[in-house]
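Let me begin by presenting the structure, written as structure tokens, before commenting on it.
Protein chains in written order, with the numbering used here: chain A, 428 to 759; chain B, 5 to 355.
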């Protein structure tokens with residue numbers, strides 16, 4: 428018994444230490460508590476971020492903070508460090524401070540009903556960003572702003588259909604999927620398959636998971652190149668797998684972007700560089716820069732205007748020429 | 005040697021599975037075994053298996069010695085990530101990423117850190133007496149965090165030709181990584197099989213108390229093997245990150261410790277310690293890598309990949325078990341187990 432207790436204590440202590448040595452101040456929601464709640468016309472927004480687990484997320488945070496400044500919105504930002512209880516705490520503190528609108532990216536899908544009801548009772552509108560919640564009662568939040576992965580897959584497919592519209596020959600496609608079972612992988616695959624399925628000349632001859640990583644992307648592509656001598660197109664569910672595959676293609680003595688056309692999703696900096704260099708042919712953006720859209724929505728919601736229940740992040744696509752222009756100002 | 009003796013050889017069944025896997029590949033992809041010269045280096049599926057298998061073989065060689073002393077090292081995957089991350093971080097800060105000196109410094113730093121981490125493991129196990137599985141679990145968990153700290157959670161990309169050579173380059177038409185593995189394997193085999201070191205390791209693994217009473221300094225030996233294992237993992241980390249010219253703190257070397265332990269087990273080394281087979285480990289690692297490549301070339305859907313892998317591994321383990329063979333294949337009773345054989349000279353890296 429004693430052993431078990433001490434083990435528990437140890438685990439607890441470790442968790443506390445780990446939480447403590449993060450970026451400092453887990454729920455620093457009260458940093459600008461100057462009572463700006465009601466008086467002036469300036470909108471106050473409480474935003475609870477998931478954490479800072481990736482470059483994508485860091486860019487997301489920056490975008491929200493900067494666009495709040497330009498939109499003249501007073502932002503109370505809180506980093507939940509991947510913990511739901513931190514987020515719930517932050518939202519409660521936003522309610523107490525009587526902010527005008529609350530926005531957050533839920534860490535997990537479920538368990539939000541209670542705290543969202545509190546917000547509703549306090550008549551503070553809620554906007555979800557990037558991730559959805561799994562709640563029966565959709566009146567608990569005003570809208571959900573985020574990417575549509577199926578749409579991303581469709582965009583990739585549409586470019587391919589356009590590119591090969593004059594050709595009657597069979598187009599052999601290989602696909603590098605994301606982590607098996609993850610939502611982006613499933614949806615990007617489905618959207619792509621739906622568009623190219625309309626024409627029988629498009630054939631997916633091999634499809635494997637590359638776990639969203641560069642190393643796996645390269646390894647799988649090496650094998651594809653050997654088992655399928657005639658590959659026309661590669662569709663990778665993210666830039667990193669595409670970048671790994673480019674190395675494999677170069678190693679096989681072929682020219683990426685010419686001998687094998689490459690489509691990827693994400694548009695991170697390294698991917699855009701490869702696109703500008705002509706090694707990738709087309710990138711579908713999955714953008715973390717939803718700040719400006721979020722501020723627009725916030726203003727509308729506070730003004731009492733109707734907003735659609737689902738807003739898709741403004742995302743674009745990049746060809747090689749567009750990449751050259753966009754590259755210098757790429758933030759992530 | 006007659007046929008019965010060949011079948012009774014410890015490594016017959018893993019070797020048979022390897023041959024079977026290769027045969028299956030030839031069946032699905034007729035040109036699978038062909039190796040050609042392309043852009044001045046060898047090119048073909050067999051080369052791929054050796055090249056992508058190189059980090060696993062390295063990690064497994066280190067793991068073999070640790071397991072021979074009755075220990076286990078779960079932290080190798082994290083060390084792989086840390087060493088790649090540190091090397092890439094150093095190279096990105098260089099003024100000239102092509103400078104050989106700078107890259108060598110990066111490699112030295114990364115391997116130095118790996119060695120230090122291995123020493124920590126060894127001290128925890130031998131000096132303080134923590135169970136190996138717990139002692140190395142600490143670094144397994146914390147190490148991944150350390151790797152992410154080094155890379156700042158991002159993927160570091162480098163553009164350095166000298167660094168690229170380690171895991172993605174060629175020398176004398178052969179993949180450089182495979183040459184590194186061959187060198188490490190040769191040195192390890194020499195030290196453990198031509199010197200007394202291997203025997204000492206086995207005696208420590210077989211009975212630590214008895215070997216201490218016989219005058220073997222088991223503590224120093226154990227610290228050494230953990231340091232060596234981490235060093236191997238460090239080199240493997242350089243290969244993994246150099247192969248794709250980038251360091252990914254989250255995913256580099258993820259679960260490689262399990263593959264390495266599996267390779268060691270397939271190679272016939274007992275997890276209880278006391279004996280080991282380097283040749284068997286290399287064979288085991290090649291079986292695993294060939295299996296992975298087979299999955300890609302045959303086109304097994306990703307949803308069923310793990311099941312397929314599991315079935316093959318279960319088959320290998322069952323075939324290796326004399327008790328199972330006796331029952332299933334109805335063979336004659338097996339003879340008394342031969343003494344731990346020396347590293348099998350027949351098994352070589354097919355490079």
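No residue lacks a Cβ here, since even glycine has one placed at the ideal position from N, Cα and C.
Item	Value
Candidates A/625, A/611, A/662, A/563, of which the one nearest residue 633 of chain A by Cα	A/662
Separation of residue 248 of chain B from residue 562 of chain A, as counted between CA atoms	42 Å
Stretch pair the stretch 31 to 47 of chain B + the stretch 519 to 539 of chain A: three plus CB contacts closer than 8 Å	no
Cβ neighbours of residue 752 of chain A in the same chain (closer than 6 Å, five flanking residues each side left out)	none
C-beta neighbour in chain B for residue 712 of chain A, strict 8 Å	no
Exposed unless 16 or more other CB atoms sit within 10 angstroms - verdict on residue 514 of chain A	buried
Residue 653 of chain A to residue 27 of chain B span [Cα, whole Å]	16 Å
Under 8 Å between C-beta atoms of residue 263 of chain B and residue 60 of chain B	yes
Within-8 Å CB hit, residue 164 of chain B to chain A	no
Integer-rounded CB distance, given that residue 297 of chain B should sit under 8 Å from residue 750 of chain A	33 Å between Cβ atoms; not a contact.
Short Cβ contact (8 Å threshold) for residue 542 of chain A with residue 518 of chain A	yes
8 Å Cβ cutoff, residue 306 of chain B in contact with chain A	yes
Cα-Cα separation between residue 58 of chain B and residue 568 of chain A, rounded to whole angstroms	52 Å
Closest by C-alpha distance to residue 679 of chain A, when choosing among A/711, A/656, A/617	A/656
Alpha-carbon spacing of residue 153 of chain B relative to residue 120 of chain B, whole angstroms	18 Å
Which listed residue (B/186, B/180, B/331, B/288) has its alpha carbon closest to that of residue 167 of chain B	B/180
Per-residue burial, residue 579 of chain A [other beta carbons within 10 Å of its own, 16 or more giving buried]	buried
Three-way DSSP call (helix, strand, coil) for residue 199 of chain B in this model	coil
Beta-carbon separation (whole angstroms), residue 118 of chain B vs residue 235 of chain B, contact threshold 8 Å	6 Å
Collapsed DSSP secondary structure at residue 500 of chain A in the structure displayed	coil
CB contact check: residue 641 of chain A to chain B, cutoff 8 Å	yes
Residue 527 of chain A: contacting residues in chain B (beta-carbon distance under 9 Å)	Per Cβ cutoff of 9 Å: no residues; residue 527 of chain A is ~32 Å from chain B at best.
Near-chain A residues of the stretch 140 to 154 of chain B - C-beta to any C-beta below 7 Å	none
Three-state secondary structure assigned by DSSP to residue 175 of chain B	strand
Span separating the alpha-carbon of residue 102 of chain B from that of residue 183 of chain B	22 Å
Buried or exposed (CB count within 10 angstroms, at least 16 for buried), residue 595 of chain A	exposed
Residue 630 of chain A - containing beta strand (DSSP E), residue span	629 to 636
Sufficient close CB pairs (3 or more, under 8 Å) joining the stretch 287 to 304 of chain B to the stretch 120 to 139 of chain B	no
Rounded straight-line distance, which links the Cα of residue 279 of chain B to that of residue 54 of chain B	26 Å
Test: residue 720 of chain A CB closer than 8 Å to a CB of chain B	no
Closest by C-alpha distance to residue 245 of chain B, when choosing among B/276, B/284, B/312, B/90	B/90
Segment limits, beta strand (DSSP E) that includes residue 657 of chain A	No beta strand (DSSP E) holds residue 657 of chain A; DSSP gives it neither H nor E.
Beta-bridge pairing of residue 188 of chain B - partner residues as DSSP gives them	Per DSSP, none; premise fails for residue 188 of chain B.
C-beta atoms of residue 615 of chain A and residue 692 of chain A nearer than 8 Å	yes
Min CB distance residue 602 of chain A to chain B below 8 Å	no
Residue burial classification, residue 17 of chain B (beta-carbon count within 10 angstroms, cutoff 16)	buried
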